[in-house]
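Reading through the structure tokens given below for one structure.
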Amino acid sequence: GNSVTQMEGPVTLSEEAFLTINCTYTATGYPSLFWYVQYPGEGLQLLLKATKADDKGSNKGFEATYRKETTSFHLEKGSVQVSDSAVYFCALDNQFYFGTGTSLTVIP
Amino acid sequence: EPEVTQTPSHQVTQMGQEVILRCVPISNHLYFYWYRQILGQKVEFLVSFYNNEISEKSEIFDDQFSVERPDGSNFTLKIRSTKLEDSAMYFCASSVGQKDSPLHFGNGTRLTVT
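Residue numbers (my numbering), protein chains in the order written: chain F, 534 to 641; chain G, 4 to 117.
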């Protein structure tokens with residue numbers, strides 16, 4: 534069946550460090566892939582998405598590339614800020630399948 | 004910017020009691036969803052609702068759960084006889100369309116069953 538496997542957290546980085554949060558998926562067909570972010574005390578909000586293989590989603594300096602050959606959609610950011618501290622969720626097609634979430638803390 | 008609102012933000016109830024969680028989706032959205040997140044675990048899909056009926060539901064959404072859109076603006080989740088394991092954060096979401104449309108989430112209701 535469909536599923537999403539997300540990198541375990543928590544992740545703690547210093548400001549301006551490089552971030553990678555891994556996400557792999559199992560699905561039939563050609564799903565769309567999403568990253569959502571949850572800031573403290575708030576609901577989830579869409580960060581970026583990609584709808585087909587080799588698409589790159591990007592927003593707020595974050596990027597993720599839909600890799601069909603490795604069934605992955607890893608989230609990256611070149612230089613994190615304290616304001617990026619949040620929980621990040623990878624999600625699969627129709628948004629019925631979410632990862633466990635990866636908590637990121639960025640320290641000054 | 005319009006947003007999804009959920010009330011209450013925190014609900015405490017005794018085991019066996021009924022609870023109703025309320026949500027007001029974004030007004031021009033057509034698809035409505037409930038998710039739950041048990042502390043430290045993944046966000047789990049419960050149910051989706053379109054055109055005044057359930058369109059999809061997960062195995063979690065058993066007979067103790069029901070949803071309703073009673074008045075064209077509210078979207079409610081009822082749990083008939085709560086159990087300890089129902090303690091979780093419950094998120095409502097809405098979207099304009101299905102599949103590739105982004106979900107807009109509320110801030111959640113934390114349900115604590117004692």
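Glycine is no exception: its CB is placed at the ideal position from the N, C-alpha and C atoms.
Consult DSSP for residue i and reduce its assignment to one of helix, strand or coil.
i, result
"G/V7", "coil"
"F/Q571", "strand"
"G/E88", "helix"
"F/V620", "strand"
"F/V613", "coil"
Counting only Cβ pairs nearer than 9 Å, list the residues of chain G close to residue i.
i, result
"F/K610", "Correct list: empty, because the minimum Cβ distance to chain G is about 20 Å."
"F/S565", "K102, D103"
"F/L637", "The contacting residues do not exist; F/L637 stays about 16 Å from chain G at best."
Within the continuous beta strand (DSSP E) that includes residue i, where are the two ends?
i, result
"F/F595", "595-598"
"F/K589", "589-592"
"G/V116", "112-116"
"F/T635", "635-640"
Can you list the residues of chain F that residue i reaches, using a CB-CB cut of under 9 Å?
i, result
"G/Q14", "By Cβ distance, chain F contributes nothing, its closest Cβ being about 16 Å from G/Q14, past 9 Å."
Taking Cβ-Cβ distances shorter than 8 Å, what residues in chain G pair up with residue i?
i, result
"F/T584", "D103"
Run through chain G and tell me which residues come within less than 7 Å of residue i, C-beta to C-beta.
i, result
"F/G632", "K45"
"F/F622", "V46"
Who are the neighbours of residue i on chain F, taking C-beta pairs under 7 Å?
i, result
"G/L33", "The premise fails here: G/L33 is roughly 15 Å from chain F at the closest Cβ pair, so nothing lies under 7 Å."
Using a cut-off of 8 Å between C-beta atoms, extract the partners of residue i located in chain F.
i, result
"G/N110", "G574, E575, G576"
"G/L24", "Those within 8 Å of G/L24 in chain F number zero; the least Cβ separation is about 13 Å."
Practice task
Write down every uninterrupted run of the beta strand (DSSP E) in the region 9-86 of chain G whose length is 3 residues or greater and which is fully enclosed by it, in chain order.
Solution key: 13-16, 22-27, 34-40, 46-53, 56-60, 68-71, 78-82
Problem - Given 8 Å, three or more beta-carbon pairs between the region 585-605 of chain F and the region 14-32 of chain G - result: no
Handout entry: Cβ pair count under 8 Å reaching 3, the region 76-92 of chain G against the region 105-114 of chain G
Key = yes
Practice task
Just list the beta strand (DSSP E) runs in the region 539-584 of chain F, keeping only unbroken ones of 3 residues or longer that don't cross its boundaries, in chain order.
Solution key: 544-547, 552-554, 556-559, 566-571, 577-583
Exercise for the section: Check whether the region 52-70 of chain G touches the region 29-40 of chain G, counting contact only when three or more Cβ pairs, one atom from each stretch, lie closer than 8 Å. Expected result: yes
Exercise for the section: Determine contact between the region 5-12 of chain G and the region 607-625 of chain F, defined as no fewer than three beta-carbon pairs at a distance below 8 Å. Expected result: no
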